[in-house]
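Some notes on the structure that comes next.
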Amino acid sequence: MTTQAALSLFDVLSIRRDFPILHQEINGKPLAFLDSAASSQKPRQVIDCLEDYYRRYNANVHRGVYKLSEQATFAYERARGKVARFVNARSPKEVIFTRNATESINLVARSWGDANLREGDRILLSVMEHHANLIPWQMLAQRTGAQLDFVRVDGEGRLVMEDVDRLLTEKTRLVAITHQSNVLGTINPIQELALRAHSFGALMLVDAAQSVPHMPVDVQTLDVDFLAFSGHKMCAPTGIGVLWGRRSLLEAMPPFLGGGSMIKTVDLHTATYADVPARFEAGTPAIAEAIALGEAVDYLQRLGLATIYQHEHELTAYALERLSAIEGLTIYGPKTTEMRGGSISFTLDMVHPHDIAALLDSDGVAVRAGHHCCQPLHTLLDVPATTRASFYLYNTQEEIDRLAIGLERTQKLFA
Ligand code: 7TS
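Numbering (my numbering), first residue to last: 154 to 568.
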């Protein structure tokens, strides 16, 4: 199928009509939003859902016996069910609402990590991890005396799988690796990694912040133990994230935060804790945001994650082709779309990544520049920063043309 044909099957123009924010001018030019890896835009269905909650049934959950509280509780728990089905969890009890992927990973590090890790234990990470899947393990290592090992990446930005074989031992208690790199775009072989981790008795945690929004993710097929992701990267509001965990593991884990809603009984000196997931949801949760996450899941599922993935795949192929043709431009990460998602980071000779982003912004093209919270990876790539374009379901070929034209102009300006 040609790129044009594939794109036309996916009715991107009608999808764009769902996203009010896209229909505006920036610096006198139509907005081309190419920074969805940082945070996605929201369709009107999700915005309306938030408003509907506050207008019609705003109330705290799991406490009131009155109508509004029951309605809010029902909608909040229904959203949990939608998320559970979305990742093919065995039960909604395996879904814990957090603030974001960062908090989900910290929850595992604090709760499971502190209870289970000892001096001499090892945690296997990769050098492409976002700080969210690095710092919590550094902190855990400092608390427990555990040590961190790192799988390297090759010149194409792929994990060096021989490192996995070399570094995985009986001492490894956890493998924590990203499903899709937010810098390189690399999609990692999670199923294979989980298989190898389990063969050494280690658990497998997946940072799915960049995969769940973009492709079908099934925790049973992947056969992993923990999966963390954020609502705001998948058309939902900020302030809501998810930790999926295998139920037997969650049930054995101590609480992360203490407070209301996470207890069974309390006296002045001790308490017993609620069952999962309530045990891990202390305090008033992000009710509206969780309900709107459920709406975002409905929205993505109506289109189909395989279809969304295919659309982004076509856009990425086109972008790789266009950007590779620009003189002095270096792309970091896989140069083909095989096992690759739609985050493309690059440098342009003689031009600072921030200047590129600023010049593109003057054309209405929004991209991110910096180390993208992956400073160790940038150190290894031997660049302080890159510029990154990232795509989602509402992006078009025409926006990639504008990116490429803007980059060609920038290159000429600085040549
Ligand atoms: N993991 C990965 C792979 C990410 O890309 C991000 C956010 C996170 C974890 C953390 O997500 P949060 O919602 O908890 O903040 N990545 C980016 C990015 O690439 N640009 O801005 C945020």
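Where is the CB? At the ideal position from N, CA and C, for every residue including glycine.
6 angstroms CB neighbourhood of residue i in its chain, flanking five on each side removed
i	result
residue 334	281
residue 490	466, 469, 470
residue 272	298
residue 171	196, 197
residue 157	Any reading at residue 157 must be qualified, since the residue scores a pLDDT of 48, below 50, and its modelled position is unreliable; the value itself is stated next. Taken in chain order, the list of residues that qualify is empty.
residue 364	332, 333, 370
residue 407	264, 268
residue 233	245, 248
residue 428	none
residue 507	522
Burial state of residue i (16 or more Cβ within 10 Å)
i	result
residue 154	Bear in mind that the predicted position of residue 154 carries a pLDDT of just 42, short of 50, making it too unreliable to give a figure here.
residue 545	buried
residue 296	exposed
residue 539	buried
residue 227	exposed
residue 412	exposed
residue 393	buried
residue 161	Note that residue 161 has pLDDT 48, beneath the 50 cutoff, so the model's placement of it is unreliable and the number below is only indicative. So residue 161 ends up on the exposed side.
residue 289	buried
residue 259	buried
residue 366	buried
residue 174	exposed
residue 328	buried
residue 383	buried
residue 421	exposed
residue 350	buried
residue 362	buried
residue 387	buried
residue 251	buried
residue 255	buried
Cβ-heavy atom distance, residue i to ligand 1, below 6 angstroms
i	result
residue 253	yes
residue 498	no
residue 205	no
residue 363	yes
residue 539	no
residue 339	no
residue 283	yes
residue 145	Because the chain in this structure spans residues 154 to 568, residue 145 falls outside the shown range and cannot be described.
residue 519	no
residue 193	no
residue 189	no
residue 524	no
residue 371	no
residue 383	yes
residue 259	no
residue 318	no
residue 302	no
residue 360	yes
residue 335	yes
Opening and closing residue of the alpha helix (DSSP H) in which residue i lies
i	result
residue 567	550-567
residue 226	220-239
residue 257	254-261
residue 542	Run containing residue 542: none in the alpha helix (DSSP H); it sits in the beta strand (DSSP E), 539-543.
residue 509	506-515
residue 170	165-170
residue 352	343-352
residue 400	400-405
residue 455	440-456
Ligand 2 heavy atom lying under 6 angstroms from the CB of residue i
i	result
residue 279	The model on display carries ligand 1 but not ligand 2.
Residue i: first and last residue of the uninterrupted beta strand (DSSP E) it sits in
i	result
residue 249	248-251
residue 358	356-360
residue 595	It is not possible to answer for residue 595, since the shown part of the chain is limited to 154 through 568.
residue 205	Premise fails: residue 205 lies in the alpha helix (DSSP H), 197-205, not in any beta strand (DSSP E).
residue 425	424-426
residue 302	300-304
residue 296	Where residue 296 is concerned, there is no enclosing beta strand (DSSP E), although the alpha helix (DSSP H) it sits in stretches over 288-297.
residue 482	482-485
residue 419	416-419
residue 328	325-331
Close beta carbons around residue i, own chain, < 8 angstroms, minus the five adjacent residues each side
i	result
residue 306	279, 280, 281, 312, 313, 337, 339, 530, 533
Beta-carbon proximity list for residue i, same chain, < 7 angstroms, skipping 5 on both sides
i	result
residue 483	499, 500
residue 270	293, 297, 299, 326
residue 159	Here the model assigns residue 159 a pLDDT of 47, short of 50, so the residue's position is not dependable, and the following value carries that caveat. If we look at residue 159 and ignore the five residues flanking it on each side, its Cβ neighbours are 463, 467.
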